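For reference, the structure is listed below as structure tokens.
Number of protein chains: 2
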Amino acid sequence: MIQSHYMIANAPRRQPLYVQIKQFLLRRIAEGEWLEHDALPSEWDLADEMSVSQGTVRKALSELVADGLLYRQQGKGTFVAPVLSDWGNALLQSPGVFDEVPDRLSCEFLAISRMNASDDMAVALQLRRHAPMFRVRQLWRGQGRPVALDEVYLPAERFDGMEARWFRSGVGVYATLQQRFGVRVVESREQYRAVMLPREDANLLGLSGAALEEPVLSMLRLTFSSVGERVEWRQRYCLSRDLALLQKGC
Amino acid sequence: MIQSHYMIANAPRRQPLYVQIKQFLLRRIAEGEWLEHDALPSEWDLADEMSVSQGTVRKALSELVADGLLYRQQGKGTFVAPVLSDWGNALLQSPGVFDEVPDRLSCEFLAISRMNASDDMAVALQLRRHAPMFRVRQLWRGQGRPVALDEVYLPAERFDGMEARWFRSGVGVYATLQQRFGVRVVESREQYRAVMLPREDANLLGLSGAALEEPVLSMLRLTFSSVGERVEWRQRYCLSRDLALLQKGC
DNA sequence: AAGTGGTCTAGACCACCAT
DNA sequence: TGGTGGTCTAGACCACTTG
Numbered sequence: 009m010i011q012s013h014y015m016i017a018n019a020p021r022r023q024p025l026y027v028q029i030k031q032f033l034l035r036r037i038a039e040g041e042w043l044e045h046d047a048l049p050s051e052w053d054l055a056d057e058m059s060v061s062q063g064t065v066r067k068a069l070s071e072l073v074a075d076g077l078l079y080r081q082q083g084k085g086t087f088v089a090p091v092l093s094d095w096g097n098a099l100l101q102s103p104g105v106f107d108e109v110p111d112r113l114s115c116e117f118l119a120i121s122r123m124n125a126s127d128d129m130a131v132a133l134q135l136r137r138h139a140p141m142f143r144v145r146q147l148w149r150g151q152g153r154p155v156a157l158d159e160v161y162l163p164a165e166r167f168d169g170m171e172a173r174w175f176r177s178g179v180g181v182y183a184t185l186q187q188r189f190g191v192r193v194v195e196s197r198e199q200y201r202a203v204m205l206p207r208e209d210a211n212l213l214g215l216s217g218a219a220l221e222e223p224v225l226s227m228l229r230l231t232f233s234s235v236g237e238r239v240e241w242r243q244r245y246c247l248s249r250d251l252a253l254l255q256k257g258c
Numbered sequence: 009m010i011q012s013h014y015m016i017a018n019a020p021r022r023q024p025l026y027v028q029i030k031q032f033l034l035r036r037i038a039e040g041e042w043l044e045h046d047a048l049p050s051e052w053d054l055a056d057e058m059s060v061s062q063g064t065v066r067k068a069l070s071e072l073v074a075d076g077l078l079y080r081q082q083g084k085g086t087f088v089a090p091v092l093s094d095w096g097n098a099l100l101q102s103p104g105v106f107d108e109v110p111d112r113l114s115c116e117f118l119a120i121s122r123m124n125a126s127d128d129m130a131v132a133l134q135l136r137r138h139a140p141m142f143r144v145r146q147l148w149r150g151q152g153r154p155v156a157l158d159e160v161y162l163p164a165e166r167f168d169g170m171e172a173r174w175f176r177s178g179v180g181v182y183a184t185l186q187q188r189f190g191v192r193v194v195e196s197r198e199q200y201r202a203v204m205l206p207r208e209d210a211n212l213l214g215l216s217g218a219a220l221e222e223p224v225l226s227m228l229r230l231t232f233s234s235v236g237e238r239v240e241w242r243q244r245y246c247l248s249r250d251l252a253l254l255q256k257g258c
């Protein structure tokens, strides 16, 4: 099933076996062969199936675990991880308190529309200038009060057939991309700034009067899929009067 | 040299061999046995020295590489990585442009003073209330213009004997901790907010007049050493009119 | 050619989980 | 008791770097 690195003479450029296995499993996961929390075959079964040793399968699985696509439970098996939430590993906490468990956030879908990519957007997503995009807007609430506003931009041609009703359930954009297009989000780059909000956005976040003078945290996110495709450009505004956005770094 | 997991019967709780090796190497690195960019002994030499197999050494080394303490070059060897800069993996870019190579920042030492830990600080650093602290202030410049201001808080008892002149060279706090105390910084948690600057800090960042009304990005960082000790609480203010702070996430 | 990291195998045993 | 992940070994060979 899998081509060995060592049986091929003078091959121009071969990936290591475990990388081939990783990509093979990635494809099977993306195609929905196993759903969230489903168990994969055991390391030994996969090894037999692909005619490689258990150690090689294990190395491939370990990388997928590190990428957040799988998780393991000793004595039980290896399972497909649930999709990343729209907040990834970030969460909202009280400023200065690092071990606080945050409130659950609810997601309210606002609208979807079509527009053209800005220049920065097109460059970052590796699209042509003014490429057609979907714009999804959603509002996040903690304990009922607005805490963040998202403007999510997705390449319209890549995600052709997108429908507003897919977002009404409030599960978030990443869950929808997984369900409808088999795209798994795994990585992102984020830029942070402090800005004053444009009037119309401020209204959506429930700001008025003196609160309009309040600065908000601006997050700009470029998102990659499990196969390295650039899939999303997201502008998020977070109210940061009472909340701070936590990121774990290294 | 290293105790095997498997030769000990009824041991209450043994770490895997590779974890013991990792900690053993960690200690030798911290003690300065090898300096930055020095080569470690080869995997086979380390394996012989510790009477384990090459694969086991390799696993330990791989984790240290993942932690950022070592780096490898195929065909050459395994080397001690340079200490983390005070910016870690973060960097400043133009807003909306993700593949820009940033300017080098210069670090200007401002002052060191003694004070007592705030409540939040003491909790986060696992110190007693009002524990004595050092406060180091430094200013970062890009192309000569101020871009960020740091207030670094370090436990005074842990870092007894700290001297102002250690910081004058502008190499940063993490390089100084490594050089003077053998402490290697490896991990952090960061909270981001948007705030208006207090007047005095604003002056240090070169803000005046209308610019005082400008919001700045506030980063609050809790830092861990390579042995899991909590070593630093840092408040950083970044001007974010022309620059955004980039973080790679997952 | 010699030395180093990088990959792979076959086989062994341990620790945990379900039954 | 049997299946699963987790660790470890000894030996082999590949790919890259240096002399």
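For the record, the sequence lines run as chains A and B.
Position in the first sequence (first residue = 1) + 8 = the working numbering.
Position in the second sequence (first residue = 1) + 8 = the working numbering.
Idealized CB from N, CA, C, for every residue including glycine.
Just so you know, these numbers come straight off a predicted model, no measurement behind them.
Within the region 56-83 of chain B, note down every full alpha helix (DSSP H) run reaching 4 residues or more, in order along the chain. You should have 62-74.
Residues in the region 237-257 of chain B having any Cβ partner in chain A nearer than 7 angstroms: Within the region 237-257 of chain B, the residues whose Cβ lies closer than 7 angstroms to some Cβ of chain A are SER248, ALA252, LEU253, LEU254, GLN255, LYS256 and GLY257, listed in chain order.
Proximal chain B residues relative to A/PHE189, where beta-carbon distance stays under 9 angstroms: Result: empty, since nearest Cβ-Cβ is about 21 angstroms, beyond 9 angstroms.
Quick check: what's the CA-CA separation for A/VAL27 versus B/TYR161? Roughly 44 angstroms between the two C-alpha positions.
By the three-class DSSP mapping on this structure, what secondary structure does A/GLN23 have? The answer is coil: DSSP assigns A/GLN23 none of H, G, I, E or B.
What residue from A/ALA156, A/ALA47, A/ARG137 and A/GLU108 has the CA that sits closest to A/GLY83's CA? Check the Cα spacing between A/GLY83 and each of A/ALA156, A/ALA47, A/ARG137 and A/GLU108: the tightest is with A/ALA47.
Please list the residues of the region 97-131 of chain B that have a C-beta atom closer than 7 angstroms to any C-beta atom in chain A, keeping them in chain order. Within the region 97-131 of chain B, the qualifying residues are ASN97, GLN101, PRO103, GLY104, VAL105, PHE106 and ASP128.
Taking CB distances under 9 angstroms as the criterion, tell me whether B/SER196 reaches chain A. Chain A contact via Cβ: present.
Cα-Cα separation, A/ASP94 to B/LYS30: Taking the Cα positions, A/ASP94 is about 35 angstroms away from B/LYS30.
Using the Cα positions of B/ALA17 and B/VAL181, report the straight-line distance between them to the nearest angstrom. Since pLDDT at B/ALA17 reaches only 39, below the 50 mark, its modelled position is unreliable, and no value is offered.
Exposure label - A/PRO223; buried when at least 16 CB within 10 Å: So A/PRO223 ends up on the buried side.
Is the CB of B/PRO24 under 9 angstroms away from at least one CB in chain A? Closer than 9 angstroms to the CB of B/PRO24 there is not a single CB belonging to chain A.
Work out the CA separation of A/TRP52 and A/GLN62 for me, nearest whole Å. Between the alpha carbons of A/GLN62 and A/TRP52 lies a distance of about 6 angstroms.
If you drop the 5 nearest sequence neighbours on each side, which residues of the same chain put their C-beta closer than 6 angstroms to that of B/LEU254? Once the five neighbours on either side are set aside, the close Cβ partners of B/LEU254 are LEU99 and GLN101.
What is the residue span of the beta strand (DSSP E) that A/ASN124 lies within? First-last of the beta strand (DSSP E) with A/ASN124: 113-124.
Is A/LEU225 close to chain B? Criterion is C-beta to C-beta, closer than 9 angstroms. Yes, A/LEU225 lies at the interface with chain B (some Cβ there is under 9 angstroms from its Cβ).
If you run the structure through DSSP and keep just helix, strand and coil, what is B/ILE16? Reliability of the predicted coordinates at B/ILE16 is poor, the pLDDT of 40 falling under 50, and the value obtained from them is presented with this limitation in mind. In this structure, DSSP gives B/ILE16 a state outside helix and strand, which the three-state scheme calls coil.
Who pairs with B/MET141 in a beta bridge, going by DSSP? Per the DSSP secondary-structure output, B/MET141 pairs in a beta bridge with B/MET123 and B/PRO163.
Secondary structure at B/PHE106, three-state DSSP: helix, strand or coil? Coil, per DSSP.
Expressed to the nearest angstrom, what Euclidean distance is found between the alpha-carbon atoms of B/LEU34 and B/ASN97? If you take the alpha carbons of B/LEU34 and B/ASN97, they lie about 21 angstroms apart.
Listed in chain order, which residues of the region 159-186 of chain A have Cβ atoms closer than 9 angstroms to some Cβ of chain B? Answer set for the region 159-186 of chain A: empty.
Against chain B: residues of the region 40-52 of chain A by CB proximity under 8 angstroms: Answer in chain order: no residues at all.
Under a three-way DSSP split, which group does B/ARG149 fall into? The three-state reading of DSSP puts B/ARG149 in strand, counting E and B together.
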